[in-house]
Amino acid sequence: MSRKKKKKASNSINPRARDRHLLYSAAVQSPEADLDFFERVYRKKRGARLRLLREDFCGTAAMSCEWVKRSKKNRAIGVDLDLETLEWGKKNYFPMLGDAVERIDLRCANVLDDAQTKVEAVNALNFSYSVFKTRDELRAYFGRVRESLLPGGLFFVDAFGGTEALQEDREERTIDASRAFDGTKIPRFTYIWDQKSFNPVDHHMQCRIHFQLKDGTRLKRAFVYDWRLWTLPEIHELMLEAGFAATEVYIEGWDNEADDTDGIFRRRKKFENQSGWVAYVVGLT
Ligand SMILES: C[S@@+](CC[C@H](N)C(=O)[O-])C[C@H]1O[C@@H](n2cnc3c(N)ncnc32)[C@H](O)[C@@H]1O
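Convert by adding 7 to the 1-based position in the sequence shown; the result is the number in this note's numbering.
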């Protein structure tokens with residue numbers, strides 16, 4: 008076998024590993040860590056186990072699937088507007104859930120619609136509420152969430168910021184080889200977070216996710232977002248205006264030795280601004 012042929016063979020990629028949702032799950036999502044955080048805060052605040060969770064803007068519903076897998080007592084509702092993405096989740100995740108699939112309810116709907124079922128906690132992750140560009144729209148959404156919470160219910164969102172959030176920016180990260188939930192081998196690839204534009208006047212921003220695979224495949228604009236970047240005080244004020252009693256901000260600590268975040272989110276009333284940070288904001292009822 009010639010050298011050239013050898014190189015070609017080692018670069019070849021299972022076509023399934025070019026699926027944008029699979030690559031997104033490997034690069035962006037960590038439902039286990041998010042759920043650990045929700046369970047910890049819910050237990051601390053309410054002295055009880057969280058059982059009924061709604062995932063707004065659920066996309067493929069990776070979080071809801073992980074939630075019902077965790078315990079036979081857990082139930083999940085996932086809400087998203089995009090039928091194609093919901094169907095991807097059903098096709099790819101549901102077969103692995105066994106009987107747990109009966110405890111998950113995926114709804115193709117707008118998060119602004121009446122949620123119908125009251126739940127113990129709602130989460131809206133990966134900054135999805137940023138699609139709402141005005142205070143009225145975001146307050147209306149937060150109000151819908153507030154109405155749909157059982158007494159003592161909690162609302163979890165994430166937020167990002169820092170000096171690099173307020174500008175055009177491009178961040179490339181190598182994602183180590185991994186196996187997808189269904190065993191598909193995902194070779195090492197590059198994830199690119201592309202803040203294409205940012206307008207300081209109204210905080211509107213255009214963001215894109217691109218993927219680059221080692222066989223040369225590029226998935227340009229695999230995901231495209233048209234957002235307003237909301238600040239922590241705005242989120243806090245709008246949650247209160249929407250009827251929440253209080254909010255809390257949780258930020259990851261820093262591990263000097265590893266020169267990286269330590270993976271532990273602690274409640275903070277004050278923190279030093281950085282070039283980039285991600286926080287959870289919890290709305291309390
Ligand atoms: C950034 S993705 C988040 C996916 C997932 N929550 C995650 O953490 O990876 C945003 C999702 O929100 C959905 N979406 C946007 N506006 C919506 C709305 N008004 N109601 C319901 N879903 C919406 C999109 O279809 C998309 O799947």
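Each residue gets a CB set at the ideal place from its N, CA and C atoms; glycine is no exception. All of these numbers come straight from a predicted model, not from anything done at the bench.
#### Entry: Own chain residues within Cβ distance below 6 Å of K140, not counting five before or after
Shown here for K140: same chain residues with a beta carbon closer than 6 Å to its own, the five before and five after excluded, namely R235 in chain order.
### Residue of V108, A83, L119, L113 minimising C-alpha distance to E91
E91 has its Cα closest to that of L113, out of V108, A83, L119, L113.
### Task
Could you tell me the boundaries of the alpha helix (DSSP H) in which P240 lies?
Counted as a single uninterrupted DSSP element, the alpha helix (DSSP H) harbouring P240 occupies residues 239 to 248.
### Query
Considering only residues of the same chain and omitting the five flanking positions on each side of K15, which have a CB-CB separation below 7 Å?
Annotation note: pLDDT 47 at K15 (below 50); position unreliable, coordinate value reported separately. For K15, where only same-chain residues beyond five positions count, there are no Cβ hits under 7 Å.
### Message
To test your reading of the DSSP string, which unbroken beta strand (DSSP E) runs of 3 or more residues are found completely within the stretch 147 to 176?
### Response
Taken in chain order, the complete beta strand (DSSP E) segments of 3 or more residues contained in the stretch 147 to 176 are 156 to 168.
### Query
By DSSP, does C293 sit in helix, in strand, or in coil?
The structure shown does not extend to residue 293, since the chain spans only 8 to 292, so no value can be given for it.
### Message
By alpha-carbon positions, which one of L29, K51, H28, A34 ends up nearest to L291?
### Response
It is K51 whose Cα lies nearest to the Cα of L291.
### Message
So, under 8 Å CB-CB, F134 and F167 are touching, yes? Tell me the CB distance rounded to an integer number of Å.
### Response
Between F134 and F167, the beta carbon gap of about 6 Å places them in contact (Cβ cut-off 8 Å).
#### Entry: Within the stretch 28 to 86, ranges of the beta strand (DSSP E) (whole runs, at least 3 residues)
Fully enclosed beta strand (DSSP E) runs of 3 or longer: 59 to 63.
### Top-ranked residue by Cα proximity to Q174, from Q213, L29, D189, A147
When each option's Cα is compared against that of Q174, the closest is Q213.
### Query
So does S135 have its beta carbon nearer than 6 Å to some heavy atom of ligand 1?
Within the cutoff, so yes.
### Task
Ignore the nearest five residues each way along the sequence and tell me which others in R195's own chain have a CB closer than 8 Å to its CB.
Closer than 8 Å at Cβ, skipping near neighbours: T181, I182, D183, A184, K221.
### Query
Taking the Cβ atom as the reference point for each residue, do C65 and D87 lie within a distance shorter than 7 Å?
Closer than 7 Å, so yes.
### Task
Could you pull out every unbroken beta strand (DSSP E) segment of at least 3 residues lying fully inside the stretch 82 to 115, listed in chain order?
Counting whole runs of 3 or more residues, the stretch 82 to 115 contains the beta strand (DSSP E) stretches 82 to 87, 111 to 115.
### Query
Who pairs with R186 in a beta bridge, going by DSSP?
In the DSSP output, where bridge partners are listed per residue, R186 has K192.
### Contact test: D120 Cβ vs ligand 1 heavy atom, cutoff 6 Å
No, the Cβ of D120 stays beyond 6 Å of every heavy atom of ligand 1.
### Query
The beta strand (DSSP E) with E255 in it runs from where to where?
Segment 253 to 262, the beta strand (DSSP E) holding E255.
#### Entry: CA-to-CA distance, G223 to R275, given in whole angstroms
Our two residues, R275 and G223, have alpha carbons roughly 43 Å apart in a direct line.
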